[in-house]
Amino acid sequence: MLLRSILSFVIALAIHQYSLAQFGDLRKKLQEKAAEVVKDKIVEKTDEKQSEYDTTSFNYAIAFLDKTESFQNRQEGERLVKAANFVLKDDKEKSEVEEARDLYEMGRLSYSRRGYFIAEAYLNGAKLAYEIIGETSDPIYLKTLGTLALLYSDMGRFDRAEELTGLALSGWQSANGESSAGYAAEYNNKAVLTFSQGKLNVAEKELKQSLKQLEAAEGKESMPYAIGLNNLGILFQYMGRFDDALSYLDQCLDIASEEVKEKSATYVQFMTNKALIQQESGDYKGAEATYKEAMDIQTSRLKLNSSSDPDYAHMLNNLASLYMESGREDEAKELLIKSLNIYKTKFGSSHLLTASAQSDLGNVYLYQGDLSNASSMLQSAYNIYERLLGADHPKTIGAKESLAVLSWKKGESELANDQFKEVLDASLSYINEFFPSLSEVEKTRYWQQYKPKFLKYYSFVCDQANENPALVGQMLNYRIKTKGLLLSSSTRIRNTILSSGDSELISMFEQWQDQKRMLSTYYSFSKEELSEQKINLDSLERAANLSEKQLSELSSDFSGTFVDLDLDYAQIASKLKQNEAIIEIIQIPDVLKTGSSNYVGIYLDNAKVEMIRFQNAGEFDTKYYRLYANLVKQKLEDSYSYDVLWSPIDQFLVNKKNVYLSPDGIYNQMNVNTLRSSDGSYVIDKYKVAYLGNPKDYLTIEDGIVQGQAFLMGYPTYSSSSVVPLPGTKKEVEMINSTLKTGGVKTNLYTESDASESTVKASANPSIMHIATHGFFLENKASDSKVFGVTVDYANDNPLLRSGLLLAGNNDVSDQSFDGVDNGVLTAYEAINLSLSNTNLVVLSACETGKGEIQSGEGVYGLQRAFMVAGAHALIMSLWKVDDDATQKLMSALYKKLMVDKQPLSEAFRNAQLEVKKSYDHPNYWGAFVLLQ
């Protein structure tokens, strides 16, 4: 009878609203409820062996994109059998251990039926009972701890869940060792709990380790192993690795075979996860079909009443998000109202799932302009998240972002600004915390989740800057911290490793480079060719990705944080001279779905910071860029672009001579020096314009050329008649060679057959690298199987494989072999691995070497990015097809001014362009090249 007293005590703690007079009847009512559930189903099974069940049935946490669930790997009937043992044999004499077990069984049954508070009472009762009788090594005690941890995780009480998970893990380790099924199950739950808390870097390690343990303990065809695949897949989805995520979910569904499809809730949950990943990867049609199939199964299984089922509500939520992305807002709202009602009925008004539905519905109201309903939903969601998850949790920060947009739309600008700042500051903290453990691909996808928060803030500032000019400075501070974040992260890691003096770390870096070189070779072959050679490209990509992650994490020990939180625009402004100014261009995509994108500029000098507004900015990416590009390529007069693209900037440049332009969007693909005003003068005639990747680069700009060796390459031997020889490039590099030698620079000159890909790759940190040859960037997906030696399947997915230089022997791509011999095409993907950390200047004297895929806030993905990541301090590149004679004159003049006249690089480059301009008036000839420092 001691245990009944324990149960009443725990229930009193968990359900405080019950009066003392009711406690005596509560247990009886619970027994009656349990009896009702199991009635007529399992009486004949009540004598099954309890001991077998005790050691083989475990609870596994299953990760979802917005919740976690648990799975018992025995069928529902077995759970009911155990409940029946408690109910139907209650009149028999039981030992204390049996009564403790009964409490656990009722707790687990209540949990499976989502009776959370009743489950908490029973499970805490079981825990306390086992502790009183000293049976803390009993497997059921350990399961009690684990199930309680899952329960508290579902309730958002993560601290308590973490504590109990740790106790359960220690117990299984002591009782059965780390190779046991019990330890594997609990370790899985620990990993999912870590993921639920937003600790992505730790979660990935734990989930991978969990998968190994589940495979060893349960086998690769088991449902626990399938759950492990699902959990890792969901993490990869969250990190933006959609291909990996879908692969894991497909394996998962194969294991949860058709045999259990119609009766397995877990199978339906796996399907829902797959649909979510399809949606996030842009496969809306496939996602909708998968959602609807899962919903059909859910409504038919066990004759379920879908109107009260939380899993069905979860599916409604997910389908609603798909409809929102597809512009079907009214349908989405209808589904979200249904799901919210189910969550409220089942879990109450203070549950995480209720908050999730309120957040989604609130954002639909916000989008439709229903601010009253939006306010009610979004504030309630935020309050729940903050109370259950804490103020710093990513979900809480996401809810705060919605409130910031709401405050803005309600005209509460001061409150909106404060809320946005909280969101952005937290986002920067997340980046510093999680970036060190991510590869570049993972960093890219992780940043894509947070970049829209900053873009929304920029839109807010654009709207409010006239009333509150101080916001412009805040906007610039966030821009400085995040612009080119991925590029600066890559170069920082590389430089940190190479300058660390740590031979083991440098060796790991070189091994990773070897992996990347091997991959670049294999990208030249079709999937059929790789299959014939039994080469698993996916496996090699994963290995290279893992190596990169390890390097990133290890280098962070030396490099510190990725975002300098203390840097602000005032530090830059204080260094600017009286005649200098910085112009930051910001492309703002349509993140708020207003129907158009926007461009703004920020003007900074040593005294002020102001916003530059453009007219018709929504047409910059289409109408005005096409107009500029066509006119310059056709050598026609352009009387439009200056007024649209430069005149708004020019108004701020009174008494300024040196202008540092930090471009974005189309400004990355145009040379502003070539813009012509109505009086016939060009920008280059009035200003000294220098290009920066980020305004903060002004603080570290290097404008001199350190004396050292020069690497010169031109006039490669093209064996195929389809590639036009460039005899002018031989003359170009020979003239440069002579000029450099006159200036006392040692040179290495490579032409004809020596102008090869392997020669470029063998170069090591020349002071100057000059390559004159054909360049290419393929903007559109090609229909051929291979383009310039790269299989189209791979090139279409990676802009760095669609950009490159043609070198000696490039026509032999059809004869490519697996012996590691280069194919004569240096792609940007390969150029990243060049050793250029001490290279002051790279000149790519070829057509369109500055072209690439533009990404807002990150610059151009192509050759320019590759050479900058490889370490080049400055880069000269072309934006359109260049004239041979004009290019020779430009390069000859540039090196003479550098070596003979000893001019700084930016001044020498500008003066060289002005000199060529005297011979060729149209900017097509003299303005094709730009200098990026």
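All residue numbers for the sequence shown refer to numbering that gives the first Met the number 0, where the first residue is 0 and numbers rise by one. Where is the CB? At the ideal position from N, CA and C, for every residue including glycine. Because the structure is a prediction, the values reported are computed rather than measured.
In the three-state reduction of the DSSP assignment, P903 falls in the coil class, being assigned neither a helical nor a strand state.
Annotation: A873 is outside any beta strand (DSSP E) and is labelled neither H nor E by DSSP. Counting only runs of 4 or more residues that sit fully inside the segment 248-296, the alpha helix (DSSP H) segments are 264-279, in chain order. The alpha-carbon of Y828 is positioned some 27 Å away from that of L234.
Selection L470, Y749, L228 and R240 evaluated against D249 yields L228 as nearest (Cα-Cα). Taking the CA atoms as reference points, E618 sits about 12 Å from Q586. Looking at the DSSP output, Y140 sits in no beta bridge, so it has no partner there. Sequence-distant partners of L213 (beyond 5 residues in either direction) whose C-beta falls short of 7 Å from its own C-beta, in its chain, are A183, N187, P223, Y224 and G227.
For Y429 against F453, the beta-carbon gap comes to about 13 Å, at or over 8 Å, which does not count as contact. The C-beta distance from L318 to L339 rounds to 14 Å, too long to meet the 8 Å contact threshold. Between L127 and A148, the C-beta gap is not smaller than 7 Å, which leaves the two residues out of contact. Burial check for N667: the Cβ neighbour count within 10 Å reaches 16 or more, so the residue is buried. Proximity to S766 across D153, N693, V841 and Q463 peaks at V841, based on C-alpha coordinates. Annotated three-state conformation of S802 is strand, per DSSP. In the displayed model, T772 falls within coil according to three-state DSSP, outside both helix and strand. Shown here, R107 sits in a helix according to DSSP, grouped into three states.
Going by DSSP, P451 is part of the alpha helix (DSSP H) stretching over E439 to Q463. Contact between M323 and V471 is ruled out by a C-beta separation of about 32 Å, above the 8 Å threshold. As the crow flies, the alpha-carbon of S209 is around 7 Å from that of A190.
Between L575 and N605, the gap from beta carbon to beta carbon is short of 7 Å. Just measuring C-alpha positions, the residue of D702, S358, Y121 and I296 sitting nearest L897 is D702.
Membership of L748 in the beta strand (DSSP E) is indicated by the continuous run T746 to E751.
Under a 10 Å Cβ-count criterion, K916 is classified as buried, with 16 or more other Cβ atoms of the shown protein chains found around its own Cβ. Burial check for L564: the Cβ neighbour count within 10 Å stays below 16, so the residue is exposed. DSSP places Y364 in no beta strand (DSSP E) but in the uninterrupted alpha helix (DSSP H) bounded by L351 to Q367. Annotated as proximal: F866 and A830, with beta-carbon spacing under 7 Å.
If one requires a minimum length of 3 residues, the beta strand (DSSP E) runs lying completely within the segment 841-880 are 851-854, 858-861 and 874-877, in chain order. In this chain, V643 is not harboured by any alpha helix (DSSP H), its DSSP state being neither H nor E.
With 16 or more neighbouring CB atoms inside 10 Å of its own CB, E185 falls in the buried class. Segment contact: the segment 868-875 against the segment 841-853, three or more CB-CB distances shorter than 8 Å; contact assigned.
Just so you know, the alpha carbons of Y681 and A754 end up roughly 37 Å apart. T750 sits away from G808, with the two beta carbons spaced by 7 Å or more.
Looking only at K740, L806 and S438, the smallest Cα-Cα distance to K760 is reached by L806.
If you draw a straight line from the Cα of K850 to the Cα of D883, it is about 19 Å long. Taking C-beta atoms under 8 Å as the contact rule, V722 and H769 fail to qualify, at a distance of about 20 Å. Three or more Cβ pairs closer than 8 Å define a contact, and the segment 438-455 meets that threshold against the segment 420-427.
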